[in-house]
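The structure is reproduced here in C-alpha cells:
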C-alpha cells in the first residue's frame, strides 16, 4: 500500500513519476544517459551494476526491473544476471566488470568506502576514468531510485512474469517520459 | 585527492559535473526543481532536509554547502542550521518539519525503514502527499549526491569561509548549469 495517493495501476517508480512529472523528467533523463550510453561501458554492463546495487539495497521492484532489462541486452541469459546478483566474483563476466562491481558495492554502503586500491584494481583491469565515474554515479543513482521506490512504498508486482515485457519496451524505446505515461500503454486507435 | 582526473580548481560535485556535463544537466535540473520549488515546503525547509541527510551521510562538502544555502534563506541564522544537524528534535522548527526530518532520516538508512506511523505522524502535523513525496525524494537525492561526491573523492574545501559566497550565488541564480561552469565565475568584460 503506497504511503501517498498515487495511481495504483502503475507499478514502482512509474506511479511516483506520474504523481510528480516535474521531477520525473530529470530522473528519466539521468537514467537514459547513464544506462543507455554505449561509450565505455555497454548498456548490459550498466544495467548489471544497477541490478546489483538494487539487490544489495533489497529493492524488489528495481532489481527485478533492471535485471530483466539486463537479460534483454544479454540475449536472454538470465543465469548470468542471477550470478551477478548473488556472487559476481564467480560470475562469467570480465575482470574489469568485477572490479567495477566491487566499487559499486562500496558506493552502496557509503561513498567514503571506496579506496584508492579499489580504483587502482579497476584501472589495472582496463577501466578508464569515465568507466569509474559512470560506475560510481550509476551506483549512487540506484541508491536514490531504490530509496524513492521503497521510501514511498510504491507497488512492486510480485508476479515476475510482468517484468520482461516492460523491460523489452525500455530496451526498445529508452527511459523517455513515455515509460510513466499511461497513454503510452494503449496503442492509438487506427484511423 | 580525487580518484579520477577532474579539474582540481573546482570543489566537490562541481568538478564531477565539469568532467561529465551530460549527467550534470539532469542532476542540476533535479536539484533546481526539488530544492527551489516554493509550493508546499519552502526552499529553506528543503535545504535543511538536504543538509540533515548529508550530515548523516558524513558528506563534509554537501552538508556545509547546503547548510550555508539554508543559512542564506534563513537570513543568516546559522545556529538554527546547526541545531537541525545535531538534534533536530530540540531545534526551534515546526513540528511538521520535525516529522519530515524523521522520514528523511529513515530514508537515509533505507527506503524500507519508513513506516506508516512515520507518514501518519507527518500528516497529523499538516504534511500533504506532495510534502511527503518531496521529502522522500530530497532525502534519496542526497543519498545520490553524497555518494557521488565522496565515492570519487572530490575535493571538499576545509576552509569554511569559502562556502557562504557560493551559497549566495546559488540562492540568487539557482542550480543552473552555470554553477559548474568556470566561465561563469568571471564576469563578462564590459563592452
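Residue numbers (my numbering), protein chains in the order written: chain A, 1152 to 1342; chain B, 1152 to 1342. Note that CB positions come from ideal geometry on N, CA and C, so glycine has one too.
Item, Value
"Near-chain A residues of the stretch 1298 to 1317 of chain B - C-beta to any C-beta below 9 Å", "1298, 1299, 1300, 1301, 1302, 1303, 1304"
"Beta-carbon separation (whole angstroms), residue 1255 (chain A) vs residue 1299 (chain B), contact threshold 8 Å", "Not quite, the Cβ-Cβ distance comes to about 13 Å (not below 8 Å), so this is no contact."
"Where residue 1243 (chain A) falls, given that 16 or more other Cβ within 10 Å makes a residue buried", "exposed"
"Simplified DSSP state of residue 1294 (chain B), which is helix, strand or coil", "helix"
"Among A:1234, A:1316, A:1280, nearest to residue 1303 (chain B) - alpha-carbon criterion", "A:1280"
"Chain A contact for residue 1177 (chain B) (CB, 7 Å cutoff)", "yes"
"Helix, strand or coil at residue 1334 (chain B) according to DSSP, with G and I counted as helix", "Only weak support is given to the placement of residue 1334 (chain B): the predicted model assigns it a pLDDT of 42, under 50, and the question is left unresolved by the model."
"Residue-level contact to chain A via CB, residue 1155 (chain B), 7 Å cutoff", "yes"
"Residue 1181 (chain A) versus residue 1196 (chain B): straight-line alpha-carbon distance, rounded", "25 Å"
"Cβ-based contacts, 9 Å cut-off: residues of the stretch 1218 to 1251 of chain A near chain B", "none"
"Minimum length 4: unbroken alpha helix (DSSP H) runs contained in the stretch 1181 to 1209 of chain B", "1194 to 1207"
"Chain B contacts from the stretch 1278 to 1289 of chain A (Cβ-Cβ distance under 7 Å)", "1280, 1283, 1284, 1287, 1288"
"Backbone CA spacing between residue 1219 (chain B) and residue 1237 (chain A) [nearest angstrom]", "42 Å"
"Range of the contiguous alpha helix (DSSP H) that encloses residue 1250 (chain B)", "1246 to 1260"
"Collapsed DSSP secondary structure at residue 1317 (chain B) in the structure displayed", "helix"
"Where residue 1174 (chain A) meets chain B, residues with beta-carbon distance less than 7 Å", "1181, 1184, 1185, 1288"
"Assigned exposure category for residue 1198 (chain A) - 16 Cβ within 10 Å defines buried", "buried"
"Neighbour flag for residue 1295 (chain B) against chain A, beta carbons, 7 Å", "yes"
"With 16 other Cβ atoms within 10 Å as the buried cut-off, status of residue 1277 (chain A)", "exposed"
"CB contact flag (residue 1294 (chain B), residue 1185 (chain A), <7 Å)", "no"
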